[in-house]
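S.K.: Just so you know, the numbering used here puts 44 at position 35 of the sequence shown, and the rest follows in order with no gaps.
Handing you a structure now.
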Amino acid sequence: MKSKLSIPVLALGVFGIITTEMGLIGVLPQVSDKFGISTADAGWLVGVFALVVAVTGPFATLFTSGINRKTVLLVAIAVFAVSNVVYASTSSFEVMFAFRIIPAVVHPVFFAVALASAVRLVPPEEATSAVTKVFAGVTVGFAFGVPLTSYLAENLSVSTAFVFGAVVNALAFVGILVLLPSAPVAQRVSYGAQVGILRRPGVWLTILSVTFVFAAMFSVYGYFAEYLGEVTGMSGSWISAMLLAFGVVMIFGNFVFGSLLAMGVVRTVVAFPLLYIVVYVMLYLAGPYFGVMVAAVLVWGVVHSGGLVVSQSWMGRDAVDAPEFGNSLFISFSNLGITLGTAVGGLFLAHFETRQLIWAGVLFAVLALVTIGARLSLGRVHKENGAKVPV
């Protein structure tokens with residue numbers, strides 16, 4: 010029974026972390042009112058989180074690589090639970106800002122260890138399925154955690170919204186404590202051996218492709234409301250409904266891409282940026298047509314969800330001998346891709362009409378495809394000390 014619930018409880022932890030990280034986006038107006046600051050200043054609570062994740066991820070993961078994996082998961086999820094309690098109770102913006110930095114440091118550690126733990130908890134043939142189920146916590150977080158946080162803040166109070174986040178993370182803490190087996194590090198991989206994967210040119214090409222994939226995804230998604238409002242003429246209510254529908258179909262898409270990866274990682278990875286180019290052309294053509302755009306958003310959501318599990322599987326291919334460090338690289342550079350994509354998308358909005366935003370996404374999808382092709386041209390593995398390792 011415990012083994013069957015181990016993967017869902019890891020997914021619950023991911024759900025709690027995503028709700029904590031992204032839920033703030035939907036309550037920024039209430040946060041700015043609470044502290045008497047501008048919404049732009051409150052926005053730094055979102056920006057600093059992503060920046061800290063991107064900068065500290067690999068180092069924090071290396072630092073904790075010799076500690077019992079269950080202990081690491083428990084400490085990380087406890088930090089998120091406590092941080093939400095602080096958000097709900099503090100009257101100081103500076104304190105809240107500090108407690109956005111602290112959980113951001115352990116965010117990539119939890120993800121890296123949770124993904125590696127999911128693989129260890131199941132037979133090898135079920136590894137992709139286990140990772141997909143853990144990633145379901147991300148898509149469910151976007152679909153329900155973020156909207157519910159916003160709803161609670163709007164209809165009850167912003168403190169209640171953060172209490173919700175604290176409760177979810179506390180439940181995940183209890184689940185991990187009770188259901189996950191102790192996982193001491195039997196044979197610790199040295200810092201040098203883990204960092205050593207960065208000496209491989211193929212790893213850097215994979216890192217680049219992951220960065221470009223996320224830049225392709227978020228260069229347009231980051232301005233979802235702007236595009237639907239300006240190009241399609243949707244009202245605020247319709248945009249909210251589309252965001253919810255987008256998140257719901259992401260749950261379905263997560264498992265679709267998990268199945269595709271199980272049939273062939275390389276084919277799915279190559280197909281992903283091509284699919285995104287097709288989706289963006291569809292969004293460009295559908296832009297002015299309300300009904301067609303509703304259908305296009307649903308297709309967009311299904312494809313968008315694949316970026317997480319596809320990119321993680323791609324990165325994992327090159328980090329088989331340092332899986333947790335590889336996962337931390339995935340978390341850091343995916344966040345860097347989000348930052349890059351939203352920045353370039355913003356430049357497109359500043360210099361062109363809103364409808365042309367689509368071409369920023371197409372540009373990054375093409376760059377992702379080029380770097381994936383370059384990585385494949387290096388070949389899959391070579392032999393080192395009698396064992397096969399990635400190039």
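Cβ atoms here follow ideal geometry from the backbone N, Cα and C, with glycine treated the same way.
Out of Phe255, Ile46 and Lys79, point me to the one whose CA is closest to Ser314's CA.
M.R.: As a working mapping, residue 314 is identified with position 305 in the sequence shown. Ser314 has its Cα closest to that of Phe255, out of Phe255, Ile46 and Lys79.
S.K.: Quick check: the Cα distance between Ala85 and Leu207, rounded to an integer number of angstroms?
M.R.: As a position in the sequence shown, residue 85 is number 76, starting the count at 1. As a position in the sequence shown, residue 207 is number 198, starting the count at 1. Cα to Cα, Ala85 sits roughly 26 Å from Leu207.
S.K.: For a minimum of 4 consecutive residues, which ranges assigned as the alpha helix (DSSP H) are wholly contained in the region 236 to 286?
M.R.: 245 to 272
S.K.: With burial defined as no fewer than 16 other Cβ atoms inside 10 Å of the residue's Cβ, what is the status of Glu134: buried or exposed?
M.R.: Mapped onto the sequence shown, residue 134 falls at position 125. With fewer than 16 Cβ atoms within 10 Å of its Cβ, Glu134 is classed as exposed.
S.K.: Kindly list the residues whose CB is nearer than 8 Å to the CB of Phe237, restricted to its own chain and excluding five residues on each side of it in sequence; keep chain order.
M.R.: Residue numbering aside, residue 237 sits at position 228 when the sequence shown is read from its first letter. Note on residue identity: the sequence assigns Leu, not Phe, to residue 237. Counting only residues of its own chain and dropping the five nearest sequence neighbours on each side, Leu237 has a CB closer than 8 Å to the CB of Met243, Trp247, Ile248, Met251, Met302 and Val306.
S.K.: Helix, strand or coil: how does DSSP classify Val131 here?
M.R.: As a working mapping, residue 131 is identified with position 122 in the sequence shown. Correct three-state label for Val131: coil.
S.K.: Please name the residue in Tyr298, Ser101 and Phe299 whose C-alpha comes closest to that of Ser41.
M.R.: Looking up residue 41 in the sequence shown gives position 32. The shortest C-alpha separation from Ser41 is found at Ser101.
S.K.: In whole angstroms, what is the alpha-carbon distance linking Glu333 and Ile27?
M.R.: Here the question's residue 333 lines up with position 324 in the sequence shown. Here the question's residue 27 lines up with position 18 in the sequence shown. One C-alpha to the other measures close to 19 Å.
S.K.: Please state the DSSP three-state secondary structure of Thr148.
M.R.: Indexing the sequence shown from 1 puts residue 148 at position 139. If DSSP states are grouped into helix, strand and coil, Thr148 belongs with the helices.
S.K.: Round the Cβ separation of Leu270 and Ser15 to the nearest angstrom and send it over; I've been treating them as touching at under 8 Å.
M.R.: Working through the sequence shown from its first residue, we reach residue 270 at position 261. Working through the sequence shown from its first residue, we reach residue 15 at position 6. No, Leu270 and Ser15 are not in contact; Cβ-Cβ is about 21 Å, not under 8 Å.
S.K.: Find out if the Cβ-Cβ distance for the pair Asn263, Phe144 is shorter than 8 Å.
M.R.: As a position in the sequence shown, residue 263 is number 254, starting the count at 1. As a position in the sequence shown, residue 144 is number 135, starting the count at 1. Result yes, Cβ atoms of Asn263 and Phe144 sit closer than 8 Å.
S.K.: Return helix, strand or coil for Gly45, following the three-state DSSP convention.
M.R.: One-based indexing of the sequence shown puts residue 45 at position 36. Note: Gly45 maps to coil in three-state DSSP.
S.K.: Ignore the nearest five residues each way along the sequence and tell me which others in Asn394's own chain have a CB closer than 8 Å to its CB.
M.R.: Along the sequence shown, one-based indexing puts residue 394 at 385. Confidence at Asn394 is low in this model, with a pLDDT of 40, below 50, so its placement is unreliable and the value that follows should be read with caution. Hits under 8 Å: none found.
S.K.: Using a Cβ distance threshold of 8 Å, determine whether the region 218 to 237 contacts the region 362 to 375, with at least three qualifying pairs required.
M.R.: Counting Cβ pairs under 8 Å, three or more are found: they touch.
S.K.: Taking just the CA atoms, how far does Leu180 sit from Val167?
M.R.: Residue numbering aside, residue 167 sits at position 158 when the sequence shown is read from its first letter. Residue numbering aside, residue 180 sits at position 171 when the sequence shown is read from its first letter. Looking at the two C-alpha atoms, the distance is approximately 20 Å.
S.K.: Taking the straight line between their C-alpha atoms, what separation do you get for Ser341 and Val212?
M.R.: Taking the first residue of the sequence shown as 1, we reach residue 341 at position 332. Taking the first residue of the sequence shown as 1, we reach residue 212 at position 203. Cα-Cα distance, rounded: 14 Å.
S.K.: Tell me which residue opens and which closes the alpha helix (DSSP H) that Thr220 is part of.
M.R.: The residue given as residue 220 occupies position 211 in the sequence shown. Looking at the DSSP string, the run of the alpha helix (DSSP H) that includes Thr220 is Pro210 to Tyr230.
S.K.: With 16 as the cutoff for other CB atoms within 10 Å, does Asn178 come out buried or exposed?
M.R.: For this step, residue 178 is matched to residue 169 along the sequence shown. Buried, because 16 or more other Cβ atoms sit within 10 Å of the Cβ of Asn178.
S.K.: Ala225 and Asn77 look like a contact to me (Cβ under 8 Å); what is the Cβ gap, rounded to whole Å?
M.R.: On the sequence shown, residue 225 is found 216 positions in, with the first residue counted as 1. On the sequence shown, residue 77 is found 68 positions in, with the first residue counted as 1. Not a contact, Cβ separation roughly 38 Å.
S.K.: Going by C-alpha to C-alpha distance, which of Leu33, Val91 and Thr70 sits closest to Thr158?
M.R.: Residue 158 sits at position 149 when you count from the first residue of the sequence shown. Ranking the options by Cα distance to Thr158, first place goes to Leu33.
S.K.: Assess, as a yes-or-no matter, whether the region 373 to 390 is touched by the region 213 to 232 under the definition of 3 or more beta carbon pairs within less than 8 Å.
M.R.: Yes: at least three Cβ pairs fall under 8 Å.
S.K.: Would you say Phe58 and Glu103 are within 8 Å of each other, going by their C-beta atoms?
M.R.: As a position in the sequence shown, residue 58 is number 49, starting the count at 1. As a position in the sequence shown, residue 103 is number 94, starting the count at 1. Going by C-beta atoms, Phe58 is not nearer than 8 Å to Glu103.
S.K.: Pairing CB atoms from the region 60 to 79 with CB atoms from the region 342 to 349, are three or more of them under 8 Å?
M.R.: yes
S.K.: Based on Cα-Cα distance, which residue from Ala170, Gly22, Gly56 and Ser228 lies nearest to Val118?
M.R.: In the sequence shown, counting from the first residue as 1, residue 118 sits at position 109. The shortest C-alpha separation from Val118 is found at Gly22.
S.K.: Considering only the beta carbon of each residue, do Phe72 and Ser228 sit closer than 8 Å?
M.R.: Counting from one through the sequence shown, the residue named residue 72 turns up at place 63. Counting from one through the sequence shown, the residue named residue 228 turns up at place 219. Taking 8 Å as the Cβ cut-off, Phe72 and Ser228 do not qualify as a contacting pair.
S.K.: Return the Cβ separation of Val265 and Val311 in integer angstroms, given the expectation that the two are a contact with Cβ distance under 8 Å.
M.R.: Taking the sequence shown and counting its residues from 1, the one referred to as residue 265 is at position 256. Taking the sequence shown and counting its residues from 1, the one referred to as residue 311 is at position 302. Val265 to Val311, Cβ: 7 Å. Contact.
S.K.: Would you give the residue range spanned by the alpha helix (DSSP H) that Pro67 belongs to?
M.R.: Taking the first residue of the sequence shown as 1, we reach residue 67 at position 58. Per DSSP, Pro67 belongs to the alpha helix (DSSP H) from Trp53 to Phe72.
S.K.: Between Val81, Ser98 and Leu19, which has its C-alpha nearest Gly43's C-alpha?
M.R.: Residue 43 sits at position 34 when you count from the first residue of the sequence shown. Note on identity: in this sequence residue 43 is Lys, with Gly being the wrong assignment. The option with the nearest alpha carbon to Lys43 is Ser98.
S.K.: Do you know how far the Cα of Pro17 is from the Cα of Gly75?
M.R.: Your numbering for residue 75 matches position 66 in the sequence shown. Your numbering for residue 17 matches position 8 in the sequence shown. For Gly75 and Pro17, the distance between alpha carbons rounds to 25 Å.
S.K.: So the candidates are Leu214, Gly25 and Leu165; which of them puts its Cα closest to the Cα of Ser386?
M.R.: Taking the first residue of the sequence shown as position 1, residue 386 is located at position 377. Nearest option by C-alpha distance: Leu214.
S.K.: Rounded to whole angstroms, what's the CA-CA distance from Tyr96 to Ser47? Just pull it up for me.
M.R.: The residue labelled residue 96 in the question sits at position 87 within the sequence shown. The residue labelled residue 47 in the question sits at position 38 within the sequence shown. Here the C-alpha atom of Tyr96 lies approximately 17 Å from the C-alpha atom of Ser47.
S.K.: So the alpha helix (DSSP H) Gln321 belongs to, where does it begin and stop?
M.R.: Taking the sequence shown and counting its residues from 1, one reaches residue 321 at position 312. Its alpha helix (DSSP H) spans residues Phe299 to Arg326.
S.K.: Assuming Thr169 is part of the alpha helix (DSSP H), what are its boundary residues?
M.R.: Taking the first residue of the sequence shown as 1, we reach residue 169 at position 160. Thr169 -> alpha helix (DSSP H) spans Val167 to Leu188.
S.K.: Can you check the region 74 to 114 for any alpha helix (DSSP H) of at least 4 residues that lies completely inside it and give the ranges in chain order?
M.R.: 78 to 98
S.K.: Could you tell me if Ala69 is buried or exposed, where buried requires 16 or more neighbouring beta carbons within 10 angstroms of its beta carbon?
M.R.: Counted from its first residue, the sequence shown places residue 69 at position 60. Buried.
S.K.: Does the Cβ-Cβ distance between Ile216 and Leu82 come in under 8 Å?
M.R.: Numbered from its first residue, the sequence shown carries residue 216 at position 207. Numbered from its first residue, the sequence shown carries residue 82 at position 73. No, these two residues do not count as a Cβ contact at 8 Å.
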